[in-house]
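Engineer: Please see the structure below; I have some questions.
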Amino acid sequence: FLNNLLAQITPFMFYLGGGLLAITGHLDIGALVAVIAAYKDLPAPIKELINWDQQRLDVQIKYEQVIEQFQPPALIDPERQSVENDPGAPLTGPMVASALTLLDENDIPLLRSVSFTAESTQHIAVVGQSGSGMEQLSLLLAGLLEPSSGSLRIGGHDVDALPAAVTGRRISYVGQNAYHFTGSLRNNLLYGLKHRPVISADPEHSTSAFDKAESRRSGNPDLDIHDDWIDYHAAGAEGEADITARMLDVLSTVDLVDDAYRFGLTGTIDPVSKPDVADGILMARAAIIERLATSGNEDLVIRFEADAYNLNASVAENLLFGTPRRHDFVSEELARNETVRIILREAGLTDNFVTMGVTIAKTMVEIFADLPPGHPFFEQFSFISDDDLPEFRTIVTRVDNLGVEALDKAARQLLLGLPFKYVEARHRLGLVDETMAERLIDAPRRLAERLERDCPDAVEFYRADAYNAAASLQDNILFGRLAYGQAQAEETIGRTLLEVLDDLGLRQTVIEVGLDYNVGIGGGRLSAGQRQKLAIGRALLKNPDILIVNEAASVLDRSSQVRLIESILERRKGRGVIWTLQRPELASRFEMILVMGNGRLVEQGSYQDLQEKGTTFKTLVAAE
Numbered sequence: 033f034l035n036n037l038l039a040q041i042t043p044f045m046f047y048l049g050g051g052l053l054a055i056t057g058h059l060d061i062g063a064l065v066a067v068i069a070a071y072k073d074l075p076a077p078i079k080e081l082i083n084w085d086q087q088r089l090d091v092q093i094k095y096e097q098v099i100e101q102f103q104p105p106a107l108i109d110p111e112r113q114s115v116e117n118d119p120g121a122p123l124t125g126p127m128v129a130s131a132l133t134l135l136d137e138n139d140i141p142l143l144r145s146v147s148f149t150a151e152s153t154q155h156i157a158v159v160g161q162s163g164s165g166m167e168q169l170s171l172l173l174a175g176l177l178e179p180s181s182g183s184l185r186i187g188g189h190d191v192d193a194l195p196a197a198v199t200g201r202r203i204s205y206v207g208q209n210a211y212h213f214t215g216s217l218r219n220n221l222l223y224g225l226k227h228r229p230v231i232s233a234d235p236e237h238s239t240s241a242f243d244k245a246e247s248r249r250s251g252n253p254d255l256d257i258h259d260d261w262i263d264y265h266a267a268g269a270e271g272e273a274d275i276t277a278r279m280l281d282v283l284s285t286v287d288l289v290d291d292a293y294r295f296g297l298t299g300t301i302d303p304v305s306k307p308d309v310a311d312g313i314l315m316a317r318a319a320i321i322e323r324l325a326t327s328g329n330e331d332l333v334i335r336f337e338a339d340a341y342n343l344n345a346s347v348a349e350n351l352l353f354g355t356p357r358r359h360d361f362v363s364e365e366l367a368r369n370e371t372v373r374i375i376l377r378e379a380g381l382t383d384n385f386v387t388m389g390v391t392i393a394k395t396m397v398e399i400f401a402d403l404p405p406g407h408p409f410f411e412q413f414s415f416i417s418d419d420d421l422p423e424f425r426t427i428v429t430r431v432d433n434l435g436v437e438a439l440d441k442a443a444r445q446l447l448l449g450l451p452f453k454y455v456e457a458r459h460r461l462g463l464v465d466e467t468m469a470e471r472l473i474d475a476p477r478r479l480a481e482r483l484e485r486d487c488p489d490a491v492e493f494y495r496a497d498a499y500n501a502a503a504s505l506q507d508n509i510l511f512g513r514l515a516y517g518q519a520q521a522e523e524t525i526g527r528t529l530l531e532v533l534d535d536l537g538l539r540q541t542v543i544e545v546g547l548d549y550n551v552g553i554g555g556g557r558l559s560a561g562q563r564q565k566l567a568i569g570r571a572l573l574k575n576p577d578i579l580i581v582n583e584a585a586s587v588l589d590r591s592s593q594v595r596l597i598e599s600i601l602e603r604r605k606g607r608g609v610i611w612t613l614q615r616p617e618l619a620s621r622f623e624m625i626l627v628m629g630n631g632r633l634v635e636q637g638s639y640q641d642l643q644e645k646g647t648t649f650k651t652l653v654a655a656e
């Protein structure tokens with residue numbers, strides 16, 4: 033309004049004042065006209081200036097709002113989060129909770145005046161129904177939440193005031209949905225020991241001085257990511273040499289050793305850097321042949337032989353007679369691999385492979401015609417995915433109507449790729465008879481000669497007297513494929529393999545290889561139970577003064593939970609454990625029980641005392 037008023041009244045004032053001055057002779061008409069003309073061009077730049085100022089104020093307000101989002105009222109003091117803080121002495125002494133109260137963002141109480149006293153070395157179970165507040169109590173005890181009022185003191189120290197360097201080392205917390213980083217089993221176990229650099233990296237591999245200076249100027253720590261951050265001493269190890277033994281001990285406690293063993297069998301090693309392991313695997317190869325022959329089970333493994341077609345291996349495995357080292361030589365890519373296509377043409381097998389592909393496609397289309405996506409048959413007959421089925425149905429229809437000759441290059445390539453995945457003993461479509469097998473025996477020799485000349489690193493060929501660096505430990509030991517259709521073949525071979533490895537003292541070696549197993553994105557290659565066990569193992573490895581487990585084992589069945597709890601409590605004798613239990617009856621193994629209800633601590637005491645009282649705890653146990 034003010035801008036509009038000034039814009040309208042100012043010319044009037046010029047005319048009024050200027051006219052009076054002109055009449056009285058104090059101002060000539062030319063000067064008045066010049067002033068009015070100049071004023072006509074004045075509002076535009078003033079308006080631009082006003083708009084700029086409004087934009088400045090708008091940006092300033094938005095900036096302040098963004099800053100406020102990163103400065104909440106309860107922001108932790110940066111000094112408490114400094115990695116330079118000394119972790120100090122072990123966190124021992126009485127644990128005293130006084131009127132702990134926790135409110136959510138709407139001021140609704142989640143915990144109400146919870147008070148108890150216990151020794152920090154006790155084994156304590158926390159039980160209650162869903163929504164009772166037991167989960168929030170565990171988070172408070174771990175220092176991951178700050179109480180709205182009240183206090184928690186351990187050994188005279190206020191937990192809320194302790195630096196992260198203390199709580200991060202002295203307290204371990206494991207929740208229901210533990211997260212794991214993409215990488216190996218080993219790296220995820222060691223992650224809890226990485227608090228600050230322990231051993232500096234070589235100058236050649238360390239972060240540059242420029243990068244460190246940039247980190248300091250931007251307010252970030254200048255710690256070198258290339259340093260060795262693993263606190264071996266915290267894990268009870270002297271150094272890198274014996275940390276592996278500590279990890280295996282922890283895996284045994286959380287019942288993950290058998291899983292690591294299976295992971296190790298599917299893993300690989302570098303025979304150049306680990307020649308003793310490679311030699312041991314070759315000894316195991318010879319020993320298992322003898323063991324199977326002695327027990328009359330030699331027909332359970334069909335060994336790889338250069339002059340024989342292995343009906344229990346895929347066409348691709350027989351053709352390569354080795355393990356691919358490059359992606360373009362895996363079975364899914366062979367139909368597009370020019371070297372393989374040349375070999376098939378030279379052997380006169382291209383048309384045969386296309387014909388085999390037509391037969392496979394017709395069979396698959398017929399089998400899957402009425403099956404929903406994701407049916408188990410799609411996995412058993414791994415030629416065609418449910419997404420590709422419509423395309424192959426179109427190809428089959430075209431072949432039936434016009435013949436194979438009518439197919440374009442892309443369709444022929446799709447059909448050419450199907451036989452590479454075919455295993456005669458498994459799929460039993462009769463595509464590899466004696467005649468075809470004999471023709472396929474000569475192809476690997478041709479391929480090997482060409483690869484040794486053109487790309488010697490493409491495939492690691494099978495040799496009975498050599499370790500195959502590209503193949504798994506199990507494939508190197510068996511040097512063949514399990515016979516399909518043999519009753520309990522997998523169980524028998526697995527048992528025999530374990531016996532051989534134990535006799536040669538190689539089981540631990542295989543488990544150590546399993547530590548390098550990639551757990552996938554967020555631990556996606558592990559089952560839910562394995563992820564939780566691994567998280568508990570990570571917490572145990574750093575030897576915390578207090579271990580807090582917040583329903584982390586609830587995904588396991590009862591017997592597995594019992595074994596895990598008993599194993600951990602035995603390991604943690606004399607050191608604190610606080611375990612939030614989904615099954616109240618498991619609390620009988622703990623020294624003290626806290627019973628939560630509606631955000632309050634309704635009962636506390638030993639298992640025997642609470643059973644005799646016959647109150648809330650007994651009701652919870654009876655309700656299971």
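Residue numbers for the sequence shown follow the numbering used here, so the first one is 33 and each next one is one higher.
We put the CB at the ideal spot given by N, CA and C, even for glycine.
(1) Helix, strand or coil for I416? Go by DSSP, reduced to three states.
(2) Spatial neighbours of G175 within its chain, please: CB distance less than 6 Å, with the 5 preceding and 5 following residues excluded, ordered by chain position.
(3) What three-state label does DSSP hand K226 in the structure shown?
(4) What residue does the alpha helix (DSSP H) around P356 start on, and which one ends it?
(5) Counting only runs of 3+ residues fully inside the region 469-545, write out the beta strand (DSSP E) ranges in chain order.
(6) For I61, which residues from the same chain have a beta carbon less than 8 Å from its beta carbon, with the 5 sequence-adjacent residues on both sides left out?
(7) Decide if the region 567-579 is in contact with the region 221-230; the criterion is three or more beta carbon pairs, one per stretch, under 8 Å apart.
(8) Take the Cβ of S164 as the centre, count every other Cβ of all protein chains shown within 10 Å, and call the residue buried at 16 or more, exposed below.
(9) Checking 8 Å against the spacing of the C-beta atoms, do G512 and I374 come in under that value?
(10) Expressed to the nearest angstrom, what Euclidean distance is found between the alpha-carbon atoms of L366 and A457?
(11) Using a Cβ-based criterion (distance less than 7 Å to any ligand heavy atom), does Q564 qualify as near the ligand FAD?
(12) What separation, rounded to the nearest whole angstrom, lies between the Cα atoms of Q636 and Y549?
(13) Whose C-beta lies closer than 6 Å to the C-beta of R201 among residues of the same chain, with five residues either side of it excluded?
(14) Can you give the Cα-Cα distance for F410 and Q103, rounded to whole angstroms?
(15) What's the C-alpha gap between L446 and V455?
(16) Please check the pair G182 and A131, which I expect to be a contact at CB under 8 Å, by giving their CB distance rounded to whole angstroms.
(17) Can you pull the DSSP bridge partners for L366?
(18) Going by C-alpha distance, which of M127, G354, A502 and V372 is nearest R607?
(19) Please state the DSSP three-state secondary structure of E623.
(20) For I610, list the residues DSSP reports as bridge partners.
(21) Identify the continuous beta strand (DSSP E) that holds Q636 and give its terminal residues.
(22) Under 8 Å between the Cβ atoms of G561 and V587?
(23) Using the Cβ count rule (16 or more neighbours within 10 Å means buried), how would you classify P616?
(24) So what's S183 in DSSP terms, helix, strand or just coil?
(25) May I ask which residues mark the beginning and end of the alpha helix (DSSP H) holding I61?
(26) Tell me whether N630 is buried or exposed, calling it buried when 16 or more other Cβ atoms sit within 10 Å of its Cβ.
(27) Under 8 Å by Cβ, that's how I've got E481 and G354 pegged, so tell me the actual separation to the nearest angstrom.
(28) So is I597 buried or exposed if we call it buried at 16+ other beta carbons inside 10 Å?
(29) Identify which residue in F148, L514 and I320 has its Cα closest to the Cα of L533.
(30) Can you check which of these residues, L463, D589 and V581, is closest to M388 by C-alpha distance?
(31) Looking at the unbroken alpha helix (DSSP H) that takes in A654, where does it start and where does it end?
(32) Using the C-alpha atoms, what's the distance from I93 back to L64?
(33) Quick check: the Cα distance between V372 and D420, rounded to an integer number of angstroms?
(34) Are L314 and Y499 close, meaning C-beta to C-beta below 8 Å?
(35) Do you know how far the Cα of L505 is from the Cα of E602?
(36) At what residues does the alpha helix (DSSP H) containing D260 begin and finish?
Structural biologist: The answer reads as follows:
(1) Along the sequence shown, one-based indexing puts residue 416 at 384. Look at I416 here: in three-state DSSP terms it is coil, with no helix or strand label.
(2) Taking the sequence shown and counting its residues from 1, the one referred to as residue 175 is at position 143. Take G175, set aside five residues on each side of it, and the residues of its chain with a beta-carbon closer than 6 Å to its own are V191 and T199, in chain order.
(3) Here residue 226 is taken as the residue at index 194 of the sequence shown, counted from 1. Of the three classes helix, strand and coil, the one that applies to K226 here is strand, per DSSP.
(4) Here residue 356 refers to the residue found at position 324 of the sequence shown. Careful: P356 lies outside any alpha helix (DSSP H), inside the beta strand (DSSP E) at G354 to P356.
(5) The beta strand (DSSP E) runs of length 3 or more contained entirely in the region 469-545 are, from start to end of the chain, 491-493 and 512-514.
(6) Translated into the one-based positions of the sequence shown, residue 61 becomes position 29. The beta carbon of I61 is closer than 8 Å to those of A54 in its chain, skipping five residues each way along the sequence.
(7) Flag = yes, the region 567-579 and the region 221-230 touch.
(8) Working through the sequence shown from its first residue, we reach residue 164 at position 132. Counting Cβ neighbours within 10 Å, S164 comes out buried, since at least 16 surround it.
(9) As a position in the sequence shown, residue 512 is number 480, starting the count at 1. As a position in the sequence shown, residue 374 is number 342, starting the count at 1. Cβ atoms of G512 and I374: not closer than 8 Å.
(10) If you number the sequence shown from 1, residue 366 lands on position 334. If you number the sequence shown from 1, residue 457 lands on position 425. L366 and A457: Cα-Cα distance of roughly 21 Å.
(11) By its list of ligands, the structure shown contains no ligand whatsoever, and the ligand FAD lies outside what it can speak to.
(12) Along the sequence shown, one-based indexing puts residue 636 at 604. Along the sequence shown, one-based indexing puts residue 549 at 517. Their Cα atoms are separated by approximately 43 Å.
(13) Locating residue 201 in the sequence shown gives position 169, counting from the first residue. In its chain, beyond the 5 residues on either side, P119 have a beta carbon closer than 6 Å to the beta carbon of R201.
(14) In the sequence shown, counting from the first residue as 1, residue 410 sits at position 378. In the sequence shown, counting from the first residue as 1, residue 103 sits at position 71. Cα to Cα, F410 sits roughly 53 Å from Q103.
(15) Here residue 446 is taken as the residue at index 414 of the sequence shown, counted from 1. Here residue 455 is taken as the residue at index 423 of the sequence shown, counted from 1. Approximately 18 Å, taken between the alpha carbons.
(16) Looking up residue 182 in the sequence shown gives position 150. Looking up residue 131 in the sequence shown gives position 99. The Cβ separation is near 4 Å, so the contact holds.
(17) The residue you call residue 366 lines up with position 334 of the sequence shown. Partner(s): none; L366 has no beta bridge.
(18) Here residue 607 refers to the residue found at position 575 of the sequence shown. For R607, the nearest C-alpha among the options comes from M127.
(19) Position 591 of the sequence shown, counted from the first residue, corresponds to residue 623. In this structure, E623 counts as coil in the three-state DSSP scheme.
(20) Position 578 of the sequence shown, counted from the start, is the residue given in the question as residue 610. In DSSP, I610 forms a bridge with I156 and I580.
(21) Within the sequence shown, numbered from 1, the residue matching residue 636 stands at position 604. Annotation for Q636: the continuous beta strand (DSSP E) segment containing it runs R632 to G637.
(22) Residue mapping note: residue 561 aligns to position 529 of the sequence shown, counting from 1. Residue mapping note: residue 587 aligns to position 555 of the sequence shown, counting from 1. At a Cβ-Cβ threshold of 8 Å, G561 and V587 count as neighbours.
(23) Residue numbering aside, residue 616 sits at position 584 when the sequence shown is read from its first letter. Under this definition P616 is a buried residue.
(24) Within the sequence shown, the letter at position 151 stands for residue 183. Three-state result, S183: strand.
(25) Here residue 61 corresponds to residue number 29 of the sequence shown, with the count starting at 1. I61 -> alpha helix (DSSP H) spans I61 to K72.
(26) What you label residue 630 is simply residue 598 of the sequence shown in a count that begins at 1. By the 10 Å Cβ count, N630 comes out exposed.
(27) Looking up residue 481 in the sequence shown gives position 449. Looking up residue 354 in the sequence shown gives position 322. So it is not a contact: roughly 13 Å between Cβ atoms.
(28) Here residue 597 refers to the residue found at position 565 when the sequence shown is read from its first residue. Buried, by the Cβ-count rule.
(29) Here residue 533 corresponds to residue number 501 of the sequence shown, with the count starting at 1. Nearest option by C-alpha distance: I320.
(30) Along the sequence shown, one-based indexing puts residue 388 at 356. For the residues L463, D589 and V581, the minimum Cα distance to M388 belongs to L463.
(31) Position 622 of the sequence shown holds residue 654. Following the DSSP letters along the chain, one finds A654 inside the alpha helix (DSSP H) bounded by residues T648 to A654.
(32) Residue mapping note: residue 64 aligns to position 32 of the sequence shown, counting from 1. Residue mapping note: residue 93 aligns to position 61 of the sequence shown, counting from 1. Between L64 and I93, the C-alpha separation is close to 44 Å.
(33) Indexing the sequence shown from 1 puts residue 372 at position 340. Indexing the sequence shown from 1 puts residue 420 at position 388. Cα to Cα, V372 sits roughly 23 Å from D420.
(34) Taking the first residue of the sequence shown as 1, we reach residue 314 at position 282. Taking the first residue of the sequence shown as 1, we reach residue 499 at position 467. In terms of Cβ geometry, L314 and Y499 form a close pair [threshold 8 Å].
(35) To locate residue 602, count along the sequence shown from 1; it is residue 570. To locate residue 505, count along the sequence shown from 1; it is residue 473. When rounded, the separation of the alpha-carbon atoms in E602 and L505 is 34 Å.
(36) Residue mapping note: residue 260 aligns to position 228 of the sequence shown, counting from 1. Here D260 belongs to no alpha helix (DSSP H); instead the beta strand (DSSP E) covers D260 to I262.
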